[in-house]
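Before any comments, here is the structure.
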Amino acid sequence: MRIKLLLISILFSLPSASAFAQAIKHWQTSQGGQVYFVPSPGLPMVDIRLVFAAGSARDGKQYGIAALTSNLLETGAGQWNADQIAQRFDAIGAKYSASTSRDTSWVGLRSLTQAGLLAQALDTFEQIIAQPQFTVAEFQRIKEQTLIGLQQQQEKPGFIAKKTFYQFIYGKHPYAHLVAGEIDTIKAIQLADIRQFHQQYYVSKNAVLAIVGDLTEQQARKIAETLYAKLEPGEKAKPLPQVKSPAKARQKHIVFPSSQTHILAGLPVLSRKDADYFPLYVGNHILGGSGLVSLLFNEIREQRGLAYSAYSYFSPLEKMGPFTMGLQTQNKQRVMATKVMQQTLADFISKGPTQEQLTAAQKNLTGGFALRFDNNKKLLNYVATIAFYQLPLDYLDSFPGKVLQVTVADIKSAFQRWVQTDLLQIISVGGQ
Amino acid sequence: MIVRVLMVLMCCSFSVHANRVQERVLANGLKVLVKEEHRSPVVVSQIWYKVGSSYEPSGITGISHMLEHMMFKGTDSHPAGEFSEIIAANGGRENAFTGRDYTAYFQALEKSRLAISFELEADRMQHLHLLAAELTKELQVVMEERRMRTEDKPRAKLQEYLMAMAYSNSPYRNPVIGWPADIENYRIDDLQRWYQQWYAPNNAILIVVGDVHAEKVFKLAEQYFGAIPAREIAVLKPQTEVPQVGVRRMTIKLPAKVPYILMAYKVSSLKTVGQEWEAYALDVLATVLDGGESARLPARLQRGQQLASSVGAGYDLGGRLEELFMFEATPIKGKSLLDMEIALKTEIRALQRKVISAEELARVKAQVMANSIYEQDSLFYQAMKLGMAETVGLGWQTAEQYREKINQVTAEQVRLVADKYLVESQLSIAYLEPQTMSENTQQGVKHAH
Numbered sequence: 001m002r003i004k005l006l007l008i009s010i011l012f013s014l015p016s017a018s019a020f021a022q023a024i025k026h027w028q029t030s031q032g033g034q035v036y037f038v039p040s041p042g043l044p045m046v047d048i049r050l051v052f053a054a055g056s057a058r059d060g061k062q063y064g065i066a067a068l069t070s071n072l073l074e075t076g077a078g079q080w081n082a083d084q085i086a087q088r089f090d091a092i093g094a095k096y097s098a099s100t101s102r103d104t105s106w107v108g109l110r111s112l113t114q115a116g117l118l119a120q121a122l123d124t125f126e127q128i129i130a131q132p133q134f135t136v137a138e139f140q141r142i143k144e145q146t147l148i149g150l151q152q153q154q155e156k157p158g159f160i161a162k163k164t165f166y167q168f169i170y171g172k173h174p175y176a177h178l179v180a181g182e183i184d185t186i187k188a189i190q191l192a193d194i195r196q197f198h199q200q201y202y203v204s205k206n207a208v209l210a211i212v213g214d215l216t217e218q219q220a221r222k223i224a225e226t227l228y229a230k231l232e233p234g235e236k237a238k239p240l241p242q243v244k245s246p247a248k249a250r251q252k253h254i255v256f257p258s259s260q261t262h263i264l265a266g267l268p269v270l271s272r273k274d275a276d277y278f279p280l281y282v283g284n285h286i287l288g289g290s291g292l293v294s295l296l297f298n299e300i301r302e303q304r305g306l307a308y309s310a311y312s313y314f315s316p317l318e319k320m321g322p323f324t325m326g327l328q329t330q331n332k333q334r335v336m337a338t339k340v341m342q343q344t345l346a347d348f349i350s351k352g353p354t355q356e357q358l359t360a361a362q363k364n365l366t367g368g369f370a371l372r373f374d375n376n377k378k379l380l381n382y383v384a385t386i387a388f389y390q391l392p393l394d395y396l397d398s399f400p401g402k403v404l405q406v407t408v409a410d411i412k413s414a415f416q417r418w419v420q421t422d423l424l425q426i427i428s429v430g431g432q
Numbered sequence: 433m434i435v436r437v438l439m440v441l442m443c444c445s446f447s448v449h450a451n452r453v454q455e456r457v458l459a460n461g462l463k464v465l466v467k468e469e470h471r472s473p474v475v476v477s478q479i480w481y482k483v484g485s486s487y488e489p490s491g492i493t494g495i496s497h498m499l500e501h502m503m504f505k506g507t508d509s510h511p512a513g514e515f516s517e518i519i520a521a522n523g524g525r526e527n528a529f530t531g532r533d534y535t536a537y538f539q540a541l542e543k544s545r546l547a548i549s550f551e552l553e554a555d556r557m558q559h560l561h562l563l564a565a566e567l568t569k570e571l572q573v574v575m576e577e578r579r580m581r582t583e584d585k586p587r588a589k590l591q592e593y594l595m596a597m598a599y600s601n602s603p604y605r606n607p608v609i610g611w612p613a614d615i616e617n618y619r620i621d622d623l624q625r626w627y628q629q630w631y632a633p634n635n636a637i638l639i640v641v642g643d644v645h646a647e648k649v650f651k652l653a654e655q656y657f658g659a660i661p662a663r664e665i666a667v668l669k670p671q672t673e674v675p676q677v678g679v680r681r682m683t684i685k686l687p688a689k690v691p692y693i694l695m696a697y698k699v700s701s702l703k704t705v706g707q708e709w710e711a712y713a714l715d716v717l718a719t720v721l722d723g724g725e726s727a728r729l730p731a732r733l734q735r736g737q738q739l740a741s742s743v744g745a746g747y748d749l750g751g752r753l754e755e756l757f758m759f760e761a762t763p764i765k766g767k768s769l770l771d772m773e774i775a776l777k778t779e780i781r782a783l784q785r786k787v788i789s790a791e792e793l794a795r796v797k798a799q800v801m802a803n804s805i806y807e808q809d810s811l812f813y814q815a816m817k818l819g820m821a822e823t824v825g826l827g828w829q830t831a832e833q834y835r836e837k838i839n840q841v842t843a844e845q846v847r848l849v850a851d852k853y854l855v856e857s858q859l860s861i862a863y864l865e866p867q868t869m870s871e872n873t874q875q876g877v878k879h880a881h
């Protein structure tokens with residue numbers, strides 16, 4: 001699979017970035033499980049995602065335990081070992097997936113909706129979530145794999161930059177370490193810790209379920225009912241601590257044997273429910289979020305040829321998520337490229353966008369609105385996000401209107417209040 | 433049990449008709465393909481040119497990719513940057529990509545705005561401005577792209593060196609992005625020649641998938657592209673790869689943390705193969721080895737014997753020239769690259785000696801069947817499949833027949849292709865031996881045939 005991608009060796013010019021807009025149906029199962037469903041007829045398939053507040057922000061001192069727990073789920077569950085689970089999915093072309101971020105760990109299933117096939121896929125899926133075996137042998141194996149994976153990441157200047165960047169912007173907050181954890185902390189994790197983590201966080205009160213696909217509401221209700229019935233009720237995870245902004249601006253360069261220097265700059269800014277969400281989001285679209293036409297792309301790449309990719313983005317989280325600007329440039333251009341990046345940001349913050357830039361961004365965001373959820377996969381992402389962060393159910397419908405309401409003054413004011421350049425953390429990793 | 437499941441799948445497949453591809457060739461030779469998909473009010477438009485890195489003579493490797501970058505630098509009627517601004521103002525998403533056998537440009541738009549994409553693509557097919565000042569800047573961008581993709585990635589570098597060793601004279605030996613000395617020395621007239629030589633309606637395929645009506649799209653295509661004159665397109669030299677007559681090996685020493693092995697067997701592609709079932713059987717073979725967690729490599733080498741930390745295999749049947757059937761592995765702690773090589777070869781021998789089980793074959797076919805449904809979720813991917821098949825000369829019909837052809841493959845055929853193609857004399861092996869990263873390691877390559 002991996003090699004297949006490698007072989008096709010396609011080079012993109014840019015690093016990558018309706019009828020569907022049916023109302024999201026929301027209900028609770030008889031046991032109180034939260035369900036969000038969008039019927040999507042047309043293709044005989046369904047996507048299911050169960051999201052837990054069990055991200056790396058729950059790691060405590062055991063950095064990486066959330067991700068490790070998630071990776072272990074499919075290595076044995078109920079009466080089946082890893083081979084049997086894999087065979088049960090593959091034999092019917094079902095796809096199981098699991099992933100961990102700072103806020104969440106989720107497990108997902110993509111299956112055909114043909115009754116017999118879906119039943120086998122769901123049966124296996126339920127066991128994985130509710131009855132994982134967590135055997136010693138599989139624990140050791142996955143732990144070793146994780147350690148080698150982390151070692152290999154050390155080959156990449158971009159990885160070192162990201163790791164240091166999060167440490168700098170988050171200090172002691174649980175968002176500060178990487179989701180994958182650290183070599184030393186992974187080594188120290190014991191199987192009992194994994195069991196404990198699972199028991200505490202993989203529970204129905206700590207979950208939301210998103211379903212998108214060719215099912216009737218009745219079918220979706222039945223699936224949700226069965227799935228939630230397998231989980232212990234448990235408790236909702238406690239609120240995460242507030243993020244403290246960095247005390248002052250800092251800049252650090254780490255020497256690394258690479259031909260390019262990777263540069264990241266930013267600070268914690270945006271939470272999912274922030275009142276300034278739309279001014280910041282639309283503003284960033286102009287600054288560095290709109291690919292080939294953003295200000296950063298223009299200044300760094302189009303005007304000066306300093307980098308292949310230059311961007312900025314907000315990653316909104318439960319608590320303040322990072323604002324990140326990034327680029328990679330050959331080592332000798334590091335200082336210059338950093339300056340251009342900082343200057344572009346400073347100009348944007350002091351002057352705000354022009355009305356013309358704002359109008360262009362609004363046209364892009366509203367004119368391309370249908371592209372945001374033109375297939376089940378994209379739609380599922382939205383539904384899961386809306387479900388987990390408890391956003392209004394009409395979030396998608398109201399999106400174009402909210403974008404159009406944003407003014408130049410809103411953007412300028414929101415950036416001046418939130419993106420404080422005198423607190424900016426700048427990390428670079430590369431040659432001298 | 434498994435057989436029953438498969439039969440259920442096949443019944444299911446009859447009830448789900450994939451939408452039909454409709455074709456029209458304009459008088460100037462531009463082939464237009466349309467697939468109507470009315471699930472969402474959007475449209476994907478892609479224009480594919482039959483030119484890529486495998487078309488490039490030495491000295492200007494990577495020029496197709498460079499030209500792809502320059503295609504965003506303006507025309508007589510739209511100055512540099514305006515193309516992207518117009519697409520953005522219309523809510524569109526756009527990009528371009530270059531492969532060994534094609535260069536393609538695409539936009540995704542709300543369905544009523546397809547004409548905008550056609551107008552702009554027709555314009556830059558004929559009136560591109562190639563300016564020296566823009567090239568100077570864009571050269572730097574592509575050099576940065578190369579540093580990011582290859583120079584600072586030990587595994588990408590290993591693959592680049594392996595390709596250059598595995599192929600003797602096939603242009604597939606060159607990286608798509610080009611060799612550094614070639615990139616640094618493109619001149620504007622190199623690009624001008626390349627543009628004139630390959631960018632013509634009779635060397636292109638226009639593919640539209642989405643909430644459109646085929647007849648209206650054909651009319652729109654005629655309106656915007658119809659007047660562009662056809663040009664004589666040079667016949668490509670065959671550059672047929674000379675036979676390989678023995679195993680090739682190399683060890684790469686680079687600053688890295690984890691050892692890694694790549695093994696590549698020279699095999700036919702669907703385009704070059706004598707009997708087409710062989711290519712489909714090779715495709716099944718790759719899925720038996722690495723299609724999902726229950727496939728042989730993860731089941732046996734990662735879980736069973738626990739030799740590999742990661743392992744994979746892959747084959748792309750869609751190449752224009754002779755292909756490579758690839759293996760990769762990362763050993764677990766305490767195991768060596770030689771252990772990986774032996775383990776992979778043991779798996780290959782097993783496939784040569786004994787036919788795969790009925791269960792394994794049924795699993796592959798079930799996965800192919802399910803994927804043929806899943807992939808319809810993406811307009812972009814559907815267009816992509818047609819474009820790849822067209823540009824290598826297989827024809828879009830081939831892409832549409834894929835599932836059916838895979839269904840015909842037998843277990844014995846899979847054994848036969850393993851036996852015929854995965855042989856020592858056709859093998860190239862590359863080891864990545866990590867060097868300490870702290871000191872300034874001398875980068876060197878030991879190379880032995």
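Protein chains in written order, with our numbering: chain A, 1 to 432; chain B, 433 to 881. From the three backbone atoms N, C-alpha and C, an ideal C-beta is built for every residue, glycine too.
Output the boundary residues of the alpha helix (DSSP H) element that contains S70(A). 65-72
Identified DSSP bridge partners for Y697(B): F757(B), L859(B)
Take the Cβ of E836(B) as the centre, count every other Cβ of all protein chains shown within 10 Å, and call the residue buried at 16 or more, exposed below. exposed
Mark A409(A) as exposed unless 16 or more other C-beta atoms lie within 10 angstroms of its C-beta, in which case mark it buried. exposed
So, does the CB of S259(A) fall closer than 8 Å to a CB anywhere in chain B? Flagged as an interface residue toward chain B: S259(A), by a C-beta distance shorter than 8 Å.
Residues, ordered as in the chain, of the segment 684-709 of chain B that lie near chain A by beta-carbon distance below 7 Å: P687, A688, K689, V690
Whose CA, out of K61(A), L112(A), Q87(A), E144(A), lies closest to the CA of P41(A)? That would be L112(A), whose Cα lies nearest to the Cα of P41(A).
Between the alpha carbons of Q330(A) and V340(A), how many angstroms are there, rounded? 15 Å
Using the Cα positions of V705(B) and V293(A), report the straight-line distance between them to the nearest angstrom. If I take the Cα positions, the gap works out to 45 Å.
At the 8 Å Cβ level, is G64(A) part of the contact set with chain B, yes or no? Look at G64(A): its C-beta is not under 8 Å from any C-beta on chain B.
Minimum length 4: unbroken alpha helix (DSSP H) runs contained in the segment 613-649 of chain B: 620-630
Of the residues that make up the segment 280-313 of chain A, which ones have a beta carbon closer than 9 Å to any beta carbon in chain B? S290, G291, L292, V293, N298, R301, E302, Q303, R304, G305, L306, A307, Y308, S309
Under 8 Å: do the segment 642-653 of chain B and the segment 487-495 of chain B share three or more Cβ pairs, one atom per stretch? The segment 642-653 of chain B is not in contact with the segment 487-495 of chain B.
Residues of the segment 132-147 of chain A with a CB closer than 7 Å to any CB of chain B: list them in chain order, please. R141, E144, Q145
Going by Cα to Cα distance, which pick from M320(A), L327(A), N298(A) is closest to A310(A)? L327(A)
When we look at the beta-carbon of M336(A) and count the other beta-carbons within 10 Å, is it buried (16 or more) or exposed? Exposed is the call here.
Assess contact between the segment 559-570 of chain B and the segment 663-676 of chain B, defined as three or more Cβ pairs (one per stretch) separated by less than 8 Å. Is contact present? no
How about the segment 494-513 of chain B and the segment 341-357 of chain A: do they share at least three Cβ pairs that are nearer than 8 Å? No, they do not touch.
Output needed for P353(A): all residues of its chain with C-beta closer than 7 Å, excluding positions within five of it in sequence on either side, in chain order. G283, I286, V408, I411
Looking at the structure shown, is R452(B) part of a helix, part of a strand, or coil, going by DSSP? coil
Under a three-way DSSP split, which group does T104(A) fall into? coil
Run of the beta strand (DSSP E) containing S477(B), from where it starts to where it stops: It spans 474-481 - the beta strand (DSSP E) in which S477(B) sits, taken as one unbroken run.
Helix, strand or coil for G461(B)? Go by DSSP, reduced to three states. coil
Counting only beta-carbon separations shorter than 8 Å, does M869(B) have a partner in chain A? yes
Check each candidate in L380(A), N375(A), F369(A) and name the one with the smallest Cα separation from H470(B). Looking at the Cα atoms, N375(A) is the closest of the given residues.
To the nearest angstrom, report how far apart T385(A) and R545(B) are at their CA atoms. 30 Å
The alpha helix (DSSP H) enclosing L571(B), as first and last residue numbers: 564-578
Mind checking who P763(B) pairs with in its DSSP beta bridge? A740(B)
Where the segment 361-376 of chain A meets chain B: residues whose CB sits under 9 Å from a CB there: A361, K363, N364, L365, T366, G367, G368, F369, A370, L371, F373, D374, N375, N376
Partners in chain B for R110(A), counting only beta-carbon separations shorter than 7 Å: Y806
Below 8 Å, can you find three or more Cβ-Cβ pairs linking the segment 707-724 of chain B to the segment 836-852 of chain B? yes
To the nearest angstrom, how far is the alpha carbon of E235(A) from that of A86(A)? 31 Å
Tell me which residues share the same chain as S486(B) and place their Cβ nearer than 7 Å to its Cβ, disregarding the 5 neighbours each side in the sequence. Excluding five sequence positions before and after S486(B), the CB atoms of its chain that fall closer than 7 Å to its own CB belong to R532, D533, P603, Y604, R752, L753, given in chain order.
Taking buried to mean at least 16 other C-beta atoms within 10 Å of its own C-beta, is P241(A) buried or exposed? exposed
Answer with buried or exposed for T719(B), where buried requires no fewer than 16 other C-beta atoms within 10 angstroms of its C-beta. buried
When you compare the CB positions of L859(B) and L590(B), do they come within less than 8 Å of one another, or not? no
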